[in-house]
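Quick mapping for you: the protein sequence lines, in order, are chains A, B, C, D and E.
997 is the number of the first residue of the first sequence in my numbering; add one for each residue after it.
416 is the number of the first residue of the second sequence in my numbering; add one for each residue after it.
167 is the number of the first residue of the third sequence in my numbering; add one for each residue after it.
177 is the number of the first residue of the fourth sequence in my numbering; add one for each residue after it.
-12 is the number of the first residue of the fifth sequence in my numbering; add one for each residue after it.
The beta carbon of each residue, even a glycine, is placed where N, CA and C say it ideally should be.
Before any comments, here is the structure.
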Amino acid sequence: MVSSMPWLSFLVFFPLAAAALLALMPRGAERSAKLWATLAAAIEFAVSLPLWWRIVPGAPGFQFEEKVAWIPSIGATYHLGVDGVSGLLALLTTFMSLIAIIGAWTSVEKRSREFYALLLALEAGMLGTFFCVDLLLFYVFWEAMLIPMYLLIGVWGGQRRIYAAVKFFLYTMAGSVLMLVAILSLWQVQKQFSGVPSFDLAAFYAMPMHPSQQLWYFLAFAFAFAIKVPMFPLHTWLPDAHVEAPTAGSVILAAVLLKMGTYGFLRFAMPMFPNALLVCGPWIAWIAIAGIIYGALVAMVQPDLKKLVAYSSVSHMGFCMLGLMALNAQGFAGSMLTMLNHGVSTGALFLLVGVIYERRHTRAIADFGGLWKVVPVFSVVFLVVTLSSIGLPGTNGFVGEFLVLLGAFKTSFAWAAVAASGVILSACYMLWMYQRVVFGPVTHEENNRLGDLTLRERLVFAPLLVLIFWMGVAPQPFLDRMQPALDRTLELTKQRAVMSATAAGLELPSAPGRLSIPPAPIATEVRP
Amino acid sequence: MLALFFGFAALLVVCSLLVVLHKNPITSALFLVLAFSALAGIYLLLHAEFLGMVQIVVYAGAIMVLFLFVIMYMNLQHDVETGVQTAVRRGIGWLTGAVLLLVGTTLLRRGWFLGPANEQMPAMEHGNVAAIGKVLYSRYLFPFEITSILLLVAMVGVIVIARGRAKHPEEGA
Amino acid sequence: MSLVPQPYFLAVDWWTLGALIALTVGVLVLLLLEFMPPRPNGNRGALVSLATLAAAGYAVWRVRFDKRALFEGMFVHDGLTVFFTLLFCAIGAVAVLISWNYAKRTRIGQPEYYALLLSSVMGMIIMAASNDLITIFLGLELMSLALYVMVAFRRNLLESNEAALKYFLLGAFASAFLLYGIALLYGGTGSTNLQRIGDFLGDSPIASNPLVLAGSLLVLTGFLFKVAAVPFHMWTPDAYQGAPTRVTGFMSAGAKAAGFAALIRILMRALPTLSHDWQPALILIAMLTMTVGNVTALLQNNLKRMLAYSSIAHAGYILVAVVAGGSGGYAAAVFYLATYSFMNLGAFAVLTLMGRGGDEPVMVSDLAGMGFRKPLVALALTLFMLSLGGIPPTAGFMGKIFVFGAAVKAGLFPLVIVGVLNSVVSVYYYLRITVALYMREPEGEPVALSLNAPAVLAIVITVAATLWFGMQSQGLWLEAQRSVLGLL
Amino acid sequence: MIPTVAMIPLNWLIALSAIVFTIGVVGVLVRRNALIIFMSVELMLNAANLAFVSFASHLNSLDGQIFVFFVMTVAAAEVAIGLAIIVQLFRLRETVFVDEIHLLKG
Amino acid sequence: MLWIIPALPLAAVALNLLLGDRLGKRGTSVLACGAVLAAFGFAVRAVLHLASLPEPARHITEFVWTWMQVGDFSVDVSFLLDPLSAVMVLVVTGVGSLIHIYATGYMSHDQSFRRFFLYLNLFMFSMLTLVLASNYLLMFVGWEGVGLCSYLLIGFWYHKPSAADAGKKAFIVNRIGDFGFMLGAFILIAATGSLDFDRVFAAAPHVFSGPAGVAAVTLATLLMFLGATGKSAQIPLFVWLPDAMEGPTPVSALIHAATMVTAGVYMLARSHVLFELAPATMEVVAVIGAATALMAATIGLAQNDIKRVLAYSTVSQLGYMFMACGVGAFGAGIFHVMTHAFFKALLFMGAGSVIHAMGDEQDMRKMGGLASKLPWTHGTMLIATIAITGVPFFAGFFSKDEILHAAYASGHTGIWLAGIVGAGLTAFYMTRLYVLTFRGPSRLSHDAEHHLHESPPSMIAPLVVLAVLSIVGGYVGMPFQEGGHLLERWLRPVLESGEAGVVHHEVSRATEWALIFTSVGVALFGIFMALRSYLWNPSMATTLRARLEGVHRLLENKYWVDEFYHVTVVRPFVGVSEWLWRVWDVQVVDGLVNGVGYTLEGGSAILKLFQTGFVGTYALFITLGVIALFLHFLR
């Protein structure tokens, strides 16, 4: 691939084109629809793979940039770019989309053309959101993405699908419209500052803002992203959406859509409004911690598998947010890694739930028990994924959580101390759930006839398991790719905080409290 | 002159009130004719002779005849307006009217002043018909043409709405 | 620009008047068609109308860069005029297309219907192009009278008749207010010419002449009635619901745009100095309009009625831009009107396809299951709903961007926040339609869909416009800006 | 030169027109007969006309009078269409009382 | 080639998974045992190599790959072999091998034979990672890994709800400890910038100086000790270990006696540099150790399940080890880890042999007189019992004596006293166990009697090996040697650096002898009492029990600790969670969200009322609007 080729645009629009073609397929082509969709997703994934090695981690700014004037009179551009952070998330997107599509082969029989078309369209929207570095374009993708997800939940969902779909749509939108106001206002400020109207992220990065001014903008952005994350107490759309969504929808929702929120914080809210961040950060961190514990506690008593996983997402995403609020290298890297981990593990969990739901048409934990005997392979996969979700060392979950907690600890002992209790709680709810589903005697006669994972399902889970272990045992390739970008973001945040404060003639507000232990003076004195 | 004005004004107000108050639509319509006539008188006093004439011809002559025609076509009797609902409506209506008048006059009593008077106005000794005619076909040619379309539309509209019963079974099913 | 009478008519002046001339000729030709022997399968009325509208559009397009003031400045040919003339021609053309089948099928009043439609378009153009309260008033009445008749067109239908009666009585009532306002303005400024009023008020040291205040207030009332702003909106749902669907579509787009066009011209030309006085009131009205429109729409089950309330809410959004003022605000309003016209017309175009008689009350539940029975039509309707809800990548979204952007620039944050929250509320009922389309199974016999080429063409046009202006709004935005910047 | 019409003070004229206008408004509000309502609207229009003429005479300008002329034309057209609608209403429902017409509501 | 030691069992796991059922029982046995034996072989080789090095150079680190490197923080996957880990790795692989071999016999009839060895090998991998890790984080991998395997193996018979419950309990309780471990590690990172043992210990004396530093290191070590209490079943987190006996007996022997549970002790010994910097923590460790030793021993008195007695015995012995660490005698602790591994593994395996023979009967009240029926088992068990009771010249004697001596010598007389009492109690309940199982009249049911058989050679052979070790294992720690005994000298390079921090009270030779006699005397008294009440005069036990009814109930019910935790921790947690979900989440938070919707719909319904359909109403509103506008301009 030549770099002058619009590679990122291809990545964004190829799924969309595939979706359109799929939707236009003649009726009765439902059977082959899944094959074509899989093919499209596979091509997309293959084409996106170079994101892994072609992004130069250390290179400054965004890479593979494409910039075309879009609405020149207001300075909106079609501007795509990628760096280590968005590249990894985009890879996660293409990967999980492929997985979700293959995973849905047998579960969607009705209107499968439309189903796969929407999945692909969703993929396009998500990639666009990750790639764009223009605020207006970002908002366009951000909102447009809601539509396919809404339809996926609403058309192929469960009993209360309509309620869940509408709630998902409205809740997310309610959050983001305030962000829209902020974007518009910011654009105004930027225009006055530089004289040139622009929605380009770089323009906003370059603009100092009065700290007192930042607060409202930050809150507007944070509100939008916090709903998407979702942060307690803005999370209630999530259990409904997850429970009602079809498996593939849940997978994508958990694996990628929630990352939009944290990604938004990382890319937009934090570096753009650093001074407000310093003020609000501790509060957000505490809310994130509350979410960690709250999500875990509520997950513990869920009778429905999907709901349990949904609440566990609240808990995990709390870790992501906590890591971001730590404002240090470890916290950032941990948060980013937790995003990827959560994408893989929770995606796998939803797939697993989908597997048994497909066979039994129930998700109630009480309807299962003793599955190990009946479906050992499923149980083993389930176990590994459960452990990954718990954050067992050696699996991916651990590295992320550890780094998040370490980062949090470096900022505040109390954060880490309280948040780490989430580690205990996650073991409680996941293992209890696992025990009730897999251990014990077979309590329901129907369960004796369950079939174990088919070859296709094994193929779906195999790469997920590989990732779980890979990212747990040797996460360094991932860390290497994300770190320079994260460091730049952190640096940018700090720079902008100083820049804005000095521009306003203020003293820089002190960072959140630190532990009183003197920092490490020793690096040289190592025993032979 | 002033006395005449007061006479016309009183007639206008009383007739207007009776239009609103009277139960019989025909009587109301007749009072309206009277009110329009009083208004025409005022126009004359204001040296708007042309308008005074047109007022009589168009309003009292054409429009009100149309009204009366319709009322008679419908053979309307006295409006029966009793009951709490009517009373409430009346109360609210009059109250609202009073308040409207009150707020309007309150605003205007703050000391309004007229816009700039026209200095080049030709002297009007024996009516302004000629002047109006001149202006109407020069300066006001455009609106004048619009009114022609307007009247055409009115004609077409009335025909469309009021012509005989439906010819086509599908219509107005 | 000069208000001095032109010594003679230039060729360009004929072109500038071309739209009105073409429409007049069109109306006359249509009325003459009545005397020609009817052709069973022909639809001469529609064809003539389309040709007329095309000619009108062409005439204006030809001289789109010229600026002329005719008839002592009563008729101006400037950016706003060109923009709105073309918009009205487009609205008229789409309206003709969606009326095609119905008018042909019923075979009655065909030419009259189109004649009225063209007259109405003419009234709208006059409203947008007038620089004098007299002609604005006449244009408004021309448009309204034609619309009253069009609403009443299915005269034997109780709803249609009732809608016409309400629309008519209240319209006349509001016209009286408007007229009284014009009288007061005339008294306060000595002129009905917008330019002169503006100049006089600009020069006048005393800002708040009660006559002018009261006059502008009543004039405002008149236009707010036409554009259906709260509390002058109450006729809208009834009139929209009762009117034939195609007429509803036409008037929801055209009348609103015309009302705003005139309002914008008045506010920019005649009353800019009063902005301080009317801005707080308009802010409140805009908030109320958005909120009442959207909230009331939540529980509507009749699609037309729901869209009527939605159109009220949209009037609120446009008012936001108008309140914001400045070239940006007015341009945003103009932009929004254009996009709104297409998406709303599109939505009504889809509705005209539904039901056997074409005008049966279409309930939200009638849409059930249509999403998979008629995927393309449903997709179009979904697109229009999303656009009305302001979801990217549709024209409605860009409209909201410009509107709220202008308001943000003016510092009207409370208004903007109410506005965006309202757009969330609105999405609820727009989503209800998609819910019905895709997520519900039809109960009983599904409502038939009578596809016909012209209506489909109308839908295709509106879909294209909705998408194109959503994704490539630069052109339209520049035009909108130019239209208000080059105001004569 | 201001002609003699100034003898009738503008205040009174405006007051008169305001009163008539208000009576018209009240008529619209209190009556239920569509015809009477319509007549009341005509009253309002005439009140506006009066205001126009008054201002015109005091401004020494013809514009107001011309305006009134156009208003009358409009009123005539309006009456024609309005009465047509009311007649059709009566044909369909045998009533002209607006409070008996509320199929469309909510 | 250190990495190969943990890698071998892991490879076995992988092969086991890949080959699946094609492996067969024999193949599984060969693979699993072979891997562990090979690991043992490599371990021996490595240790021999280590021993061949001069004393200061006995510190081999092996970098494998960078695990994570973020900002200024970096952790490698790298292994460390020094005398301390050498002891542990030998014990783990050695005892592990024996238990693997034993398990091939014990589990031979189990359906899930393959799965069992899969877990067991996985455990070996984790445990070896734990002991060979060269930094805290990798150690934590092993630490959690053994916890996982423990969970899996306890719940091995998953269809038994009690087993599944016990597994979950073990994991969660361990997690509480891990929480402490992790936080402790954070403090270390914050203070020293690393988790590498070398760097942490090198930096510790400099960083943790001054009051703030001492406070920090105290907090860090306390948190790490919390981790140790979880893993090593100390107060307050000991509750999982007795329940862990739901697992197969080889598991109990391997994990819950010989290896995993001693990880806490290993960790403390490994971190002795830090602990010695925090005297307060040391006191806590000592007190907790002593208290646990005593408490578990008392509970052991009243249990009837053979494995539970052994479980409490394990808890108690672990208490001794912590006691040793607490008083600064880390070497003694490790020594006891080693001897305890021998005799406790032997005891468990013997008990397993008995259970096996009895057809899965674990209640001692239904045993008795098995000595003749199960000669090999009986013989080896007897040796182990003697070893644990502290009879001189058996392994347990040396290590336990060293601990008590250290406690006394360091001035912790109270701790010493507790240890002595505990020793007596240990002697009593172990003898009781022995007597009830092997002596006296047979209380077997007819079926059991019929079924009774001595275990196969694959089970007996490891017993014999361990019996030998239980006897000779203590001789590496013969007291009264100049310059410390063998083990002490071996461990010195690791443990000496910090010894300076702990004041050693020299005691005279006479006192030392006195201490030895005291402990031996107490042990013998305990044995005597047990023999008297259970063998020679069985009615005495009944009388005693009747007389001490309350105490017995208390002990039999394990001080109601489980119930206490259930009421104070588990129930409130579940209750709060239920409330959070059903009331707070669904009704309050989501209620607010839906409330917005309902409010809007209500507003819609109200607004609809205004739309009456009457022209008059509409006109009225228009007029009111005009009035309102007038009022606005009237302001």
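Contact list for residue i against chain B, beta-carbon separation under 8 Å
i	result
GLU307 (chain C)	LEU565
THR301 (chain C)	PHE557, PRO558 and ILE561
Chain D residues whose Cβ lies nearer than 8 Å to that of residue i
i	result
ALA329 (chain C)	LEU280
Neighbouring residues, chain E, relative to residue i (Cβ below 9 Å)
i	result
LEU1383 (chain A)	LEU135
VAL591 (chain C)	LEU587
Beta-carbon contacts of residue i that lie in its chain and below 7 Å, excluding the five residues immediately before and after
i	result
THR247 (chain C)	ALA294 and ALA295
ILE503 (chain E)	ASP388
Same chain, Cβ closer than 6 Å to residue i, neighbours up to 5 away in sequence not counted
i	result
LEU336 (chain C)	TRP401
GLU486 (chain E)	Note that GLU486 (chain E) scores 46 on pLDDT, short of 50, meaning its location in the model is unreliable and no value can be drawn from it.
TYR474 (chain B)	PHE451
ILE609 (chain E)	none
Where residue i meets chain E, residues with beta-carbon distance less than 8 Å
i	result
LEU522 (chain B)	PHE617, PHE620 and LEU621
Reduced DSSP category for residue i - H, G, I as helix; E, B as strand; rest coil
i	result
LEU236 (chain C)	strand
PHE60 (chain E)	strand
THR511 (chain B)	helix
GLU944 (chain A)	Because chain A in this structure spans residues 997 to 1524, residue 944 (chain A) falls outside the shown range and cannot be described.
LEU67 (chain E)	strand
ILE527 (chain B)	According to the sequence displayed, residue 527 (chain B) carries Trp and not Ile. Three-state DSSP puts TRP527 (chain B) in coil, outside helix and strand.
ASP1079 (chain A)	coil
GLU550 (chain E)	helix
Contacts around residue i, its chain only, beta-carbon distance under 8 Å, and the 5 residues preceding and following it disregarded
i	result
GLY347 (chain C)	ALA380, GLY381, SER382, LEU383, LEU384, VAL385, LEU386, THR387 and GLY388
TYR942 (chain A)	Any property of residue 942 (chain A) remains undetermined from this structure, which presents chain A solely from 997 to 1524.
Under 7 Å by beta carbon: chain C residues contacting residue i
i	result
LEU204 (chain D)	Checking the sequence, you will find Val at residue 204 (chain D) rather than Leu. In chain order: PHE339.
SER237 (chain D)	GLY356
Partners in chain A for residue i, counting only beta-carbon separations shorter than 8 Å
i	result
GLY571 (chain C)	ILE1070, LEU1180, TRP1183 and GLN1184
Contacts that residue i makes with chain B (C-beta to C-beta distance below 7 Å)
i	result
GLY353 (chain C)	LEU529 and GLY530
Ordered list of alpha helix (DSSP H) runs contained in the segment 85 to 165 of chain E, each at least 4 residues: 100 to 119 and 123 to 141
Where the segment 442 to 458 of chain C meets chain E: residues whose CB sits under 9 Å from a CB there: ASP443, TRP444, PRO446, ALA447, LEU450, ILE451, THR457 and VAL458
Every unbroken alpha helix (DSSP H) inside the segment 274 to 309 of chain E [4 residues or more]: none
Cβ-based contacts, 8 Å cut-off: residues of the segment 1165 to 1176 of chain A near chain C: PHE1165, LEU1166, MET1169, ALA1170, VAL1173, LEU1174 and LEU1176
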